[in-house]
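Contents: one structure, followed by commentary.
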Amino acid sequence: MLLLDIHCERDAFQLQVRESFSLNGVTGVMGPSGCGKTTLLRCIAGLERHVQGSVKFDSTLWQSEAAFVPPHKRGIGYVFQDGRLFPHMSVRSNLNYGLRRNRKYLDTASETLSFEHVVEWLGIVSLLDRPITRLSGGQRQRVAIGRALLGSPKLLLMDEPLSALDWASRTSIMPRLREINREFGVPVLFVSHNREEIARLADEVVLMDNGCIEERGPTRQMLNRARGSLADDQALSVLEAGVVNTDSPYGMTELEVDGRSLMVNQSNLRQGQQVRVVVPASEISLCLENISQISIQNRLLTTLTDIQDIDDHHALVRLTLDEQALIALITRQSRHRLGLKLGITVYAHFKAACLEVV
Ligand code: ADP
Ligand code: MG
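Position in the sequence shown (first residue = 1) + 485 = my numbering.
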């Protein structure tokens, strides 16, 4: 549990946060550029100088009027966008730095993570003797994550750790980030302005604006909204689904969402498993009739519960299943051609291939 009651003032900017975080799994922090996401993490880490108020982690007061625990004694792992490794040292030496820091300052020797475990899990065993200068951006970020973990942190703060990476590196690291909590039992505060990253990684989402926390809630609820301060051009939906059939023909897997069947072309899932399906809003088409002579496999019966024009050409439509909802991006022309109105029944079509299951 992280309890914050802080106020930080800097030139024209003020951060004011009074909030408690239960820190189960990954907490995603989103918000526009300049809203104070990095400042919030720096306040938690004890790196920000002009902070007033209190910061409490579990039963330890990191900051109050009477106390200030310096950053290196808080047991926090910090991963920055640019890695911040020591460029003149090898991968191994960078990782050992994390370990040494841990031994020096923390008294939790029994909980120390094993070097071998961390490097194997990150897939960097073959890189150990390379200089940092000879790593790709994705490899560097893996080393940065390894170094933070080897400090055996009680809390991991990640500030846009993937945003400088190309798509392929991001896609290969994301599943690892998703597992950090389960594998090492470390809660993560993850800052990103990328909706897809948040959809894939976060259990809870905190939305910031203008130095304050505007809203927070479960990821699915926070992302599946047509309205809101989230960027509409990245609109997507997150569905919670159960795996019902893994041996359907052609390597497809059948999922169930709100009593409806959903086919995905992913074959590594187990029956009974609960998964999260990310559906980009731009991949959904709407149909007013139930057409079966069509190549698209996923045709979900929904009710149209909200519609918003978002610019001169596009509208976002909210389609409710029972408990869950989908957001679709369509043209305003289609909106009028189909005569879309609140309350009507709509079939949401989307290809199995556009879905991502996590
Ligand atoms: P975010 O991470 O959400 O993009 P930041 O926490 O980095 O936002 O910044 C919050 C605000 O503080 C911004 O308005 C920014 O202009 C201001 N700011 C950031 N760093 C400094 C600094 N070193 N000195 C003065 N103002 C700063
Ligand atoms: Mg920032």
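Just so it is clear, CB atoms sit at the ideal spot from N, CA and C, and this is done for glycine as well.
All of these numbers come straight from a predicted model, not from anything done at the bench.
Given this structure, state the Cα-to-Cα distance separating residue i from residue j, to the nearest angstrom.
i	j	result
residue 829	residue 494	50 Å
residue 669	residue 818	50 Å
residue 497	residue 694	15 Å
residue 473	residue 732	The requested residue 473 is not part of the displayed model; the chain covers only 486 to 843.
residue 661	residue 773	41 Å
residue 659	residue 752	19 Å
residue 553	residue 508	22 Å
residue 770	residue 622	37 Å
residue 488	residue 696	17 Å
residue 578	residue 605	16 Å
residue 572	residue 558	25 Å
residue 735	residue 836	15 Å
residue 638	residue 674	12 Å
residue 595	residue 642	Any answer about residue 595 is weak, because its pLDDT of 44 lies below 50 and its placement is not dependable; what the coordinates show is given next. Rounded to whole angstroms, residue 595 to residue 642 spans 22 Å at the Cα level.
residue 513	residue 802	25 Å
residue 654	residue 777	38 Å
residue 632	residue 833	45 Å
residue 839	residue 784	14 Å
residue 806	residue 762	14 Å
residue 542	residue 486	6 Å
residue 723	residue 679	14 Å
Are there any heavy atoms of the ligand MG lying less than 7 Å away from the beta-carbon of residue i, as far as the coordinates show?
i	result
residue 790	no
residue 523	yes
residue 796	no
residue 567	no
residue 644	yes
Let me check you understand the geometry: is the CB of residue i closer than 7 Å to at least one non-hydrogen atom of the ligand ADP?
i	result
residue 518	yes
residue 496	yes
Helix or strand or just coil, what does DSSP make of residue i?
i	result
residue 635	helix
residue 505	strand
residue 793	strand
residue 486	coil
residue 665	helix
residue 659	helix
residue 781	coil
residue 645	coil
residue 510	coil
residue 926	Past the boundaries of the shown model lies residue 926; the chain is included only from 486 to 843, so the question cannot be answered.
residue 773	coil
residue 628	helix
residue 528	helix
residue 515	strand
residue 650	coil
residue 493	strand
residue 686	helix
Got a sec: is the Cβ-Cβ distance from residue i to anything in chain D below 8 Å?
i	result
residue 641	The displayed structure is made up of one protein chain only, and chain D is not part of it.
Quick check on the DSSP output: what are the complete beta strand (DSSP E) runs of length 3 or more inside the segment 532-614, in order along the chain? 536-542, 545-548 and 561-564
Quick one: which unbroken alpha helix (DSSP H) runs of 4-plus residues sit fully inside the segment 794-829? Chain order, please. 817-822
Could you name each continuous alpha helix (DSSP H) segment of 4 residues or more that falls completely within the segment 689-747, going from the start of the chain to the end? 704-708
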